[in-house]
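K.L.:
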Amino acid sequence: MERQRREVEKLQKIIEEEEIKMLRKEMIPKAQLMPFFDRPFFPQRSTRPLTVPKEPSFMSSKYWRSNSCNDPRYFQQFANASRKFIK
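Numbering (my numbering), first residue to last: 126 to 212.
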């Protein structure tokens, strides 16, 4: 009984080791083949509709609507800060 259990465990261990060897062998990176450029490339036309351009509305953003951004002192802060870095 004990001997049979040991043999089964040995077989399982050998099988697991073989599986690990196979997995490691599969994980070795291999170079991809170079594609053939003997035929010209013809891209397929998309089935999606074209995008409709919209005019950018920069002044309607929430950023510009806030009172602190419209204050001229707000922009002077950044102008003064950039002058400090130039020196």
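Built from N, CA and C at the ideal position, the CB exists for glycine as well.
Fair warning: this is a prediction, and the values are worked out from it, not measured in the lab.
Quick one: Cα of Glu141 to Cα of Arg131, how far?
P.N.:
Translated into the one-based positions of the sequence shown, residue 141 becomes position 16. Translated into the one-based positions of the sequence shown, residue 131 becomes position 6. Each residue's alpha carbon lies about 15 Å from the other.
K.L.:
Would you kindly report the start and end of the unbroken alpha helix (DSSP H) that includes Leu148?
P.N.:
Position 23 of the sequence shown holds residue 148. Counting along the chain, the alpha helix (DSSP H) containing Leu148 begins and ends at Glu127 to Glu151.
K.L.:
Beta-carbon within less than 7 Å of Glu134's beta-carbon, same chain only, minus the 5 sequence neighbours each way: which residues are those?
P.N.:
Translated into the one-based positions of the sequence shown, residue 134 becomes position 9. So no residue of the chain qualifies.
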